[in-house]
């Protein structure tokens, strides 16, 4: 397969790569959007990860946001922007990765755009995912439990492995909260969910606190930390931790635990919601903090990595 030309990819190339996607009806300039009940939408970019992982994360970043909003992902749009000189092989790898995840979660692709452009220095995927809400989130109230689902800092360990050794000891396919969110949305006592992304666990807790004007008290010894993350040299509460989520639960703590055990996912009951404002860790008020040097590893290791082998 050859080098892609400037701008939109040719019809022949497009026809080949579209075969990797679960497509709805395709129009000339715009595509019809199927009706949604209680529609939810999320738009997210994915950039700076090895090409073989890019389609996977491009799908999961947006689909997970929809799922933690108490909705089931149904439709997606996919935009792939590539640097000049990119090959059709690169495009195929990205689209295959996205399409595989869309198929797995029964999400149909309804629109998109693909091209190579000056000014694009690294492959960029932008996905919009639309979903149907199962039920409305419920505002947290004093007495609710705070549960962490997933291992805090696991993304950090993966980033370091890729950047330093070009290896994949951490299964990058586990770095998504989507399977857990889709199960927990059916647990009646789960009032609210929020994924842990930029800013780490502490940043995510502050986002909940600000949005709902509540105080969150956290017991740090109960946080399910990824093995080895304490030795990285950053505060684990600030460490990149995509793949984990926060669930605010009224009473059904045991049911949340049962779901996590069925999925083989770690979890911890880490705190409570209280009257007031802010986030307190072991009784001490904590600010959201700044991004760590670990976050800067994104985009630094694309050429060092051989492959994220796609199953």
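Numbering (the numbering used here), first residue to last: 1 to 311.
Every residue, glycine too, gets a C-beta built ideally from N, C-alpha and C.
Between the options, which lies nearest to residue i when the distance is taken from Cα to Cα?
| i | options | result |
| --- | --- | --- |
| residue 314 | 257, 290, 264 and 23 | Any answer about residue 314 is impossible in this case: the structure gives the chain only from 1 up to 311. |
| residue 298 | 249, 84, 242 and 254 | 242 |
| residue 270 | 255, 291 and 247 | 247 |
| residue 98 | 120, 124 and 118 | 124 |
| residue 78 | 174, 113, 22 and 249 | 113 |
| residue 101 | 9, 161, 58 and 12 | 58 |
| residue 95 | 212, 187 and 17 | 17 |
| residue 89 | 126, 110 and 51 | 51 |
| residue 127 | 110, 207 and 137 | 110 |
| residue 49 | 13, 22, 5 and 172 | 172 |
| residue 14 | 165, 92 and 191 | 92 |
| residue 174 | 53, 9, 39 and 5 | 53 |
| residue 327 | 285, 118, 39 and 191 | This structure cannot speak to residue 327, because the chain is shown only from 1 to 311. |
| residue 263 | 147, 165, 118 and 184 | 184 |
| residue 47 | 122, 9 and 118 | 122 |
| residue 40 | 137, 165 and 272 | 137 |
Exposed or buried, what is residue i when buried is set at 16 or more other beta-carbons lying within 10 Å of its beta-carbon?
| i | result |
| --- | --- |
| residue 74 | buried |
| residue 182 | buried |
| residue 60 | buried |
| residue 155 | buried |
| residue 33 | exposed |
| residue 105 | buried |
| residue 19 | exposed |
| residue 3 | exposed |
| residue 290 | exposed |
| residue 287 | exposed |
| residue 221 | exposed |
| residue 224 | buried |
| residue 191 | buried |
| residue 307 | In this prediction, residue 307 has a pLDDT of 49, which is less than 50 and means its spatial position is unreliable; nothing more can be read from the coordinates. |
Using a Cβ-Cβ cutoff of less than 6 Å, which residues in the same chain neighbour residue i once the five nearest sequence positions on both sides are dropped?
| i | result |
| --- | --- |
| residue 205 | 216 and 279 |
| residue 107 | 73 and 76 |
| residue 274 | 142, 215 and 217 |
| residue 212 | 139 and 140 |
| residue 55 | 94, 97 and 98 |
| residue 24 | 108 and 110 |
Is the Cβ-Cβ distance between residue i and residue j less than 9 Å?
| i | j | result |
| --- | --- | --- |
| residue 153 | residue 232 | yes |
| residue 86 | residue 63 | no |
| residue 266 | residue 133 | no |
| residue 281 | residue 218 | yes |
| residue 83 | residue 116 | yes |
| residue 129 | residue 66 | yes |
| residue 45 | residue 103 | no |
| residue 209 | residue 277 | yes |
| residue 147 | residue 283 | no |
Please work out which residues of its chain come closer than 7 Å, Cβ to Cβ, to residue i, disregarding the five sequence neighbours upstream and downstream, and give them in chain order.
| i | result |
| --- | --- |
| residue 245 | 68, 149, 150, 177, 180, 181, 193, 194, 195 and 196 |
| residue 159 | 240, 294 and 297 |
| residue 120 | 81, 82 and 83 |
| residue 157 | 170, 226, 228 and 229 |
| residue 189 | 249, 250, 251, 252 and 255 |
| residue 135 | 70 |
| residue 207 | 194 |
| residue 200 | 237, 238, 239, 240 and 241 |
Bridge partners for residue i per DSSP, in chain order?
| i | result |
| --- | --- |
| residue 194 | 246 |
| residue 145 | 249 and 272 |
| residue 42 | 129 |
| residue 113 | 79 |
| residue 87 | 3 |
| residue 280 | 217 and 285 |
| residue 108 | 75 |
| residue 124 | 47 and 81 |
| residue 225 | 152 |
| residue 160 | DSSP lists no partner for residue 160. |
Quick check on residue i - is its C-beta less than 9 Å from some C-beta in chain C?
| i | result |
| --- | --- |
| residue 256 | This model lacks chain C altogether; it includes just one protein chain. |
Can you name, in chain order, every residue of its own chain whose Cβ lies under 8 Å from the Cβ of residue i, other than the five neighbours on each side?
| i | result |
| --- | --- |
| residue 293 | 234 |
| residue 5 | 116 |
| residue 260 | 149, 180, 266 and 267 |
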